[in-house]
Amino acid sequence: MTRPEWFVALGLLVFALGSVRLLFVRDTVTRLVALNIAGAGVFLVLIALAARTDPPDPVLHALVLTGIVIAVSVTGLGLVLIRRSDDGADESRDGDAP
Amino acid sequence: MTAAVVLDALLAAGVLVTAVVALWHRERAASVTVFLGFGVLLTAIWARLGAPDVALAEAALAAGVTGALMTTVVAGRTRSTAPASRSSRAVDVAEGAVAVGVGVALTAVTVGAMRSAAPVLTGDVATEALPDSVVAHPVTAVLLDFRTYDTMLEIVVLAVAALAAVSTLRDAAPALSVPVDRRPVLTGAVAALTPVLVVLAAWLLVAGSDRPGGAFQSGAVVTGIVLLTVLTGTLRLPSARTTRLLLAVGSTVFLVVALATALTTGWLTLENPWGGTAVVALEAVLAVSIGVCLAVLALAGSTRA
Amino acid sequence: MTSLLPAFVVVPALVATLVAMIPRIGAVAAGATALAGVVAAVALTLRVSADGPVDVALGGWAEPVGIALRADGLSAAFVLFTAVVVLVVTVFASGSSAARGTPFFWALSLALWSGLNAVYVAADLFNTYVALELVTVAAVGCVALGGRSAAAPALRYLLVAVAGSLWFLLAVGLLYARTGTLSLRLALDVLRDPTDDGALVATVLILATVGLALKSALVPLHAWLPPAHAGAPAAVSPLMSAVVIKASIFVLYRLWTSLPADAATTSLAVLVGAVGSVAVLWGSLAALRQARLKRVVAYSTVAQVGYFVLLLPLVVPALRPEADDAARAVAELAVQGTVAMVAAHALAKSAMFMAAGCLLHARGTDEIAALRGAVVTNPGAVLAFGVAGVALAGLPPALAFSGKWQLLTAVLESGQWWWLIALLGGGLLTAAYTVRVLAVFVAERETGTENTPVPVRMTAATLVTAVAAGIAGVASAGWLATTTVGVF
Amino acid sequence: MSASLIPFAVLATSLIPAVVIFFLPDDATRIRTTLNLGGAAAKVALVAALIPAAVDGERFEWRSAFVPGVDLVLRVEPFALYFLALSSVLWLVTTIYAVGYFRDTPGRSRFFGFFSLCVVATTGIALAGNPVTFVIFYELLTLVTYPLVVHERSAAAIAGARTYLVHTLIGGVPLLIGVVWLTERVGSIDFADRGSDAMTQFAAREPVTATAIFVLILAGLAVKAALIPVHGWLPRAMVAPAPVSALLHAVAVVKAGVFGIVLLVDYTYGVDVAERLGVLTPLAVLASATIVYGSVMALRQDGIKARLAYSTVSQVAYVTLGVAVVSATATTGGIAHIVNQGLMKITMFFCAGLFAVVLGITRISDLDGVGRRMPVTSAAFTVAAVGMIGIPPMAGFLSKWYLAVGSVEAGQPWVLGVLVASSLLNAAYFFPIVHRLWWKTGDHGRVAGIEAPPSLLVPAAVTAVATVVVGLVAGWIYSPLNLARIITEGIYGL
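Chains as they are written, first to last, in this note's numbering: chain A, 1 to 98; chain B, 1 to 305; chain C, 1 to 488; chain D, 1 to 494.
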């Protein structure tokens, strides 16, 4: 197996770990961490694919850059929601909002 | 050569171990800390795989800013709200086994696909088209010349995320309110550091047109600057209105540029001679926008609704 | 004159950012944009049916380097019904601030609409991913407008939706590994070579289908939808159920009507169809048991998603190398029928959620038991809810009836008669949970429940949408024909 | 076949009032009543004008695409006008009755809105030119009658309405799948006098599929035609207010089912194809069983409306029997019975409504001596009852006579036996009522002035007189019987 193929394997494994754990774990922060790890796995696959050619494929690098910014904004929003639901868990009544 | 292989193997092992620990650890704070370690190792791997831009972004954004965001939330709340289900060791192993199985299966298919890959990759076509682009550095050319539309959407995503975060605050005109830490040593250090960071951000921005760097990386540094100055009180927290204004300015400019180019050269088409300067201008707007949006996300996270 | 296709994405986004800066002008700006959007969508549909799909290369660079946008019959149909739903919900939302949650509703809903249009006109797979993320973030923002108790469902929705997008992104990565391009059309040209790409195409489809099923809440991956859609404010729920889940459904159709099929993908399609049938029955039975009105309508969405994936097993035979004209005819019928069902669901479901919103506004709760005698206090909302239920069940003369007619014909011609159970059974169950709720609305009224008057424009918007969904079936032939232009 | 908007005009006479009435406040009685009566009168006039043209062979048609390849067709031809004439006249009379019945009750605009929509659906069914259009208006009828049945919002009304919906919606499934399968196999065929040749070739090519489709569509139609075993909803839907029971369950809804069966047997498959497939004899047996079962069950009911409901189940099956027996005379009798049974049954429902409103009587056992207290109503009821039993000169006699002669011609004498048995049973469950009305004594107080509000009494009297007149003028060219004969000649190609 060539070097890019090894890193693709690593990426896929990290993605699988992250995704599986995301579907089964209960704690919200850990789920967000799992989401980030799964995303990192996918990015690792993309960058490994880019490394197949010399110079490496700039399109895939740009995709991963865009992906990272989206991942960060999603994580930011997720954390704000975690904070709100933690506040909410203290005194909100059950059931749906008006 | 074997040293490189050993280094790669070590980095790979490190990434795997930190991932597993971060995912399966019971304690919230511990899993977040290990996750930050995972981010650092990942930065090294990006460098090893010949992707300096991504390494920079990973270090600044993924490890840096995400770390800041997570610690602000987790620091406040160490106990995890979810019921501490003592799922037994066997369940964890089973989950791990499933993951490994999925990983191996996907690898088999992907490697097969890589080996019968198409002769012409888009990357090669992009590299050939580089000379006609308005920017020299390949990654920046893709981001801001070939696939400008993607970058535009991505900035809108960031602005919307920040807006959504701000909109969850309680009162109608949500203003950010954050505990300020005025310890002299800290404020002194920040006062000294800020100009250096500003220069670094500016340099990163300009460098982007012909070497690794650019809007995303300098945006992260801008986030750092904003957070440091606000948390130490050197920069007064903006009012609700100005917060919203700053949030939206980045994507508004980009969208206006899109409309402008539509009427002239064609949607998002940048041409020389003004193409190069347009890219740098766009990058500046991007950097400020990313900086502000991520800072707002962090501050909204720590503002008590 | 450069094509106006990108305007569908840029204009709503620009108005969204302007409204974010100046919330005061929210209602007027959103209303004007929505109206313009409907007019533009109709023009696009006419243009596509007249001279075929519209292709635009962005940034001055052609594929594969640059990003291309493409609007064929399928995209035009989705853009059209989305614009109509956004217009109607905008009118509804302008009626009451409680329905909007916070003043940010306008900015977030416009950004959501921009993201949806971006998905529908995308021809580049990574661009589709970014557009899906924009839809997700905006949608989560909208759900979170529901206040403190909506934060947890919104978070759960965010995690599930982004996970789904990542699975889709990995599928795109795999496709790039083999074909070296992000453009779906160019990838197809590479894949059509006889080298056996069966394994790869199957994996790409499995990854993408699971990811997109997660985002469209296909049973068993549906648990996140009811709390999110029911917990959202009254004006957000219709947007969520009627149009947001359609983005991932559209991408599913885009993939399944393009990638070449073989024995493996055919069996995968049948599996997805089976899961869809279970979803129709599962969702409907769950809807029958809910005690809160918005939960009934949310589970109805889970059921209807089952219908939408029934397209897959009917379309796949037409994509096999040895496909004959009969298979292609079945596929065309199936696409027409399903798109009509999707559009009809968008109208009827938004009307149903708006009706629930009206009743919630009037009685202060959506507890079904507390809505006895609503027919006397809010006749318009009850009539709209009934008509919307009829339209959802696909009873004539509703638009869904024309869709169901085409789908039934396709099922009979393809010989796969077993999909009849879900198609016909689902309609009955939909009628069942609608009538169950109507019976309470009609029952004699308990004294003492307070009743605040509902602004006229809210009831009017609800009734107009419901009636439109209810009678559109008789005039949908021309529009149905356009939905398959350029799809195969 | 001139493409024209006339079919639309007929539809509009009840569609426009329906849409307007929904938005009228309840107390706008004058506007609502003028709209209602104006629409009804306009429809009767339009239909009356169209009948001579149709008899001379004029045909009007409106066509538009439903889905690519399948059209919506509305066409004016004798059989459509025949059913339209009945429903429009009775809609006019029932509107008058309903205005009086609901004088100052809540929800009148809602009621009359759906009431007019129901007539729109019935008109659509009559004018339907192909199976798709028929199914659309057929299901629409189900939907718009639900609010009428549930109008009084009592628990019983809601339960009755639910049963009604369960039956009719479930019935809609085989009907829909049957029509889709038919259109998929044979293409978008229109109703034609002797069925289309595409249909004949298809029946020859795939007899098993053709029979399966026939059974599916028949199952869907049987629910509304109240053939056993799917008749259960009719008695339970009697909880609806009197005008609803009168128009819907004696005329519109039940007749739509039977009208569909005639369209299926004679205008889609054609009599010869149906006979060759061998589906008519089982249909005749089913109809006969329903006739006898309906009559027997009617005997055991003490509630006036319940007995009338089971009587309807039995009487409506005559039409199916007429179609199932392969002879022009029998089919003429069957088709004539659509009008005859409609007139007689609506009179009885009006009277039942009067007994309930004026004296609060809903049970047959309480009817002793009511004849003296409410002579006009009782007389109307008696006329209708005698007609039902089949005694000349009332209309009922004619259709039973034609059915009897037809069955002998067709070589199915056992049908004659069924007719005689059912007539005896009719006598068995109607004469006791007549006997109680006139020959029993009961203290119901003196009649002060006229016995009931005129808006309720006049309709009952009018329809009773009509029953007699229809019987007497059978020879007139435009009489229901003669129209039935013209229609049958078309069906059998005489």
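In this text, a Cβ means the ideal position worked out from N, Cα and C, and glycines have one as well. Note that the structure is a prediction, hence the values are computed from the model and not measured.
The beta carbon of F214/D sits closer than 6 Å to those of V279, all from its chain and outside the five residues before and after it, given in chain order. Annotation: Cβ neighbours of V135/D in chain C (cutoff 7 Å, chain order): P396. Among the residues facing chain B, W61/C is included, as its CB has a counterpart in that chain under 8 Å away.
Take L127/D, set aside five residues on each side of it, and the residues of its chain with a beta-carbon closer than 6 Å to its own are P7, L74 and A80, in chain order. Around the beta-carbon of H435/D, fewer than 16 other beta-carbon atoms lie within 10 Å, marking it exposed.
Nearest CB-CB separation between V59/A and chain B: below the 8 Å threshold. Runs of the alpha helix (DSSP H) spanning 4 or more residues and lying entirely within the segment 8 to 63 of chain D occur at 29 to 55, in chain order. The beta carbons of V435/C and R162/D sit about 7 Å from each other, so the pair counts as a contact at 8 Å. Within the segment 217 to 288 of chain C, the complete alpha helix (DSSP H) runs of at least 4 residues fall at 225 to 231, 236 to 239 and 245 to 256.
In the same chain as A269/C, and ignoring 5 residues on each side of it, the C-beta atoms closer than 6 Å to its own belong to L312, P313 and V316, in chain order.
In this structure, DSSP gives L270/B a state outside helix and strand, which the three-state scheme calls coil.
The beta carbon of A410/D sits closer than 8 Å to those of V325, V326, S327 and A330, all from its chain and outside the five residues before and after it, given in chain order. Minimum Cα-Cα distance from N117/C among the listed residues A138/C, F105/C, L360/C and F8/C corresponds to F8/C. Ranking G417/D, A65/D, V370/D and N130/D by CA distance to the CA of G478/C puts A65/D first.
Counting along the chain, L74/D sits inside the beta strand (DSSP E) bounded by residues V70 to V76.
In the three-state DSSP reduction, A128/D falls in the strand class (E or B). Straight across, the Cα-Cα distance linking F111/D with P241/D is about 11 Å. Out of L424/C, G427/C and A469/C, the CA that lies nearest to the CA of K349/C is found in A469/C. For the pair V180/B and T75/A, the Cα-to-Cα distance works out to about 24 Å. Cα atoms of M114/B and T140/B: separation of roughly 26 Å, rounded to the nearest angstrom. Listed as beta-bridge partners of L69/C by DSSP are V56/C and A122/C. Per the DSSP secondary-structure output, S183/C pairs in a beta bridge with D124/C. Here L227/D is not near A284/D, since their CB atoms are 8 Å or more apart.
For V137/C, the closest Cβ of chain A is nearer than 8 Å. When the beta-carbon positions are compared, H345/C and A234/C stay at least 8 Å from each other.
Following the DSSP letters along the chain, one finds R436/C inside the alpha helix (DSSP H) bounded by residues W419 to V442. The three-state secondary structure of E5/A, taken from DSSP, is helix.
When the beta-carbon positions are compared, L61/B and F254/B stay at least 8 Å from each other. Put simply, the CB of L17/A is far from chain C, with every gap to its CB atoms at 8 Å or more. In the DSSP assignment, L255/B falls within the alpha helix (DSSP H) that extends over A240 to L263.
Sequence-ordered contacts of the segment 178 to 203 of chain C with chain B read R178, T179, G180, T181, L182, V190, T195, A199, L200 and T203 [C-beta pairs closer than 7 Å]. Identification of chain C residues near P68/D by a Cβ-Cβ cut-off of 8 Å yields Q336, A477, L480 and A481, ordered along the chain. Within the segment 147 to 179 of chain C, G147, R148, S149, A150, A151, A152, A154, L155, L158, L159, V162, A163, L166, W167, L169, L170, G173, Y176 and A177 place their CB atoms closer than 8 Å to a CB of chain A, listed in sequence order. Considering only A16/C, A57/C and L252/C, the residue with the shortest C-alpha distance to L132/C is L252/C.
The secondary-structure analysis by DSSP pairs G303/D across a beta bridge with R363/D. Scanning the segment 108 to 187 of chain D from its first residue to its last, no whole beta strand (DSSP E) run of 3-plus residues comes out.
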